[in-house]
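Numbering (the working numbering), first residue to last: 13 to 231.
All C-beta atoms, glycine included, are put in the ideal place defined by N, C-alpha and C.
Please read the structure below before turning to the comments.
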């Protein structure tokens with residue numbers, strides 16, 4: 013018995029729909045466009061304390077050349093310096109800029125530098141009292157001004173970085189300065205040593221270490 017035309021048409025439509033669904037399913041599976049397709053994995057490179065800051069330029073502050081990173085800071089420059097990246101490179105640039113600016117800030121500017129640079133506490137209070145007893149009115153004498161040559165990160169975490177900063181002088185002497193910074197209020201700030209400590213934070217050394225991060229200021 014021949015199928016009725018209406019029934020035959022319905023059968024063809026059902027077969028076509030089944031084939032279309034099957035083709036779409038294969039296409040989606042092949043192209044990875046299904047509802048449960050895996051999202052691409054994203055990875056973040058771990059901090060690398062041995063990597064030097066990129067695109068560093070140098071600016072003079074009170075007779076001393078200081079490194080300014082195009083990416084790692086300081087991004088806010090004026091009478092003070094702030095705005096460092098939350099990286100070992102940002103920590104290093106903050107340690108160098110904060111410690112040098114704090115030492116050379118002139119009489120009319122040091123309170124602002126201290127407010128931006130220093131971690132509050134007994135060490136800051138002691139420094140403020142001592143600074144109020146001296147006067148700085150001129151840039152550093154070129155004969156005694158330090159020239160930054162590099163640094164080494166001795167310990168790093170998201171909240172603290174400990175570094176040794178190396179500098180040379182016109183008489184060919186070399187110093188190694190221990191500097192620490194803390195990540196506070198979205199920026200690196202200088203942690204001064206305990207005023208009661210007898211440990212020297214600046215030492216004379218015969219040569220810079222081979223594994224320091226080179227960051228030489230222009231002559």
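In the DSSP assignment, residue 113 falls outside any beta strand (DSSP E) and lies within the alpha helix (DSSP H) extending over 100-116. Closest option to residue 196, judged by alpha-carbon separation, among 172, 219, 207, 182: 172.
Per DSSP, the beta-bridge partners of residue 130 are 202. The way I'd put it, the stretch 180-197 does touch the stretch 93-112; three or more beta-carbon pairs between them come closer than 8 angstroms. By the CB criterion at 8 angstroms, residue 134 and residue 105 fall outside the cutoff. Per DSSP, residue 144 is not a residue of any beta strand (DSSP E), being assigned neither H nor E. Taking the Cα of residue 150 as reference, the smallest distance to any Cα among 137, 167, 80, 120 is reached at 120. Separation of residue 76 and residue 164 (C-alpha to C-alpha, rounded to the nearest whole angstrom) is 20 angstroms. Per DSSP, reduced to three states, the secondary structure at residue 124 is helical. Where residue 172 is concerned, the enclosing beta strand (DSSP E) starts and stops at 172-180.
Under the Cβ criterion (8 angstroms, minimum of three pairs), the stretch 180-190 counts as touching the stretch 203-218.
Residue state for residue 136 is assigned as helix, using DSSP reduced to three classes. In this structure, the alpha-carbon of residue 153 lies about 45 angstroms from that of residue 56. Boundaries of the beta strand (DSSP E) around residue 165: 159-168. Looking at 83, 71, 220, 70, the one whose alpha-carbon comes closest to that of residue 178 is 220. Note on geometry: alpha-carbon atoms of residue 103 and residue 95 lie some 10 angstroms from one another.
For residue 189, the enclosing beta strand (DSSP E) covers residues 186-196.
For residue 77, the enclosing beta strand (DSSP E) begins and ends at 76-81. Only residues of its own chain outside the window of five on either side were considered, and among them 79, 81 have a CB closer than 6 angstroms to the CB of residue 68, listed in chain order.
Check the Cα spacing between residue 168 and each of 131, 129, 200: the tightest is with 200.
Shown here, residue 67 sits in coil according to DSSP, grouped into three states, outside any helix or strand. Counting the other Cβ atoms within 10 Å of the Cβ of residue 130 gives 16 or more, which makes it buried. Counting along the chain, the unbroken beta strand (DSSP E) around residue 214 starts and ends at 214-217.
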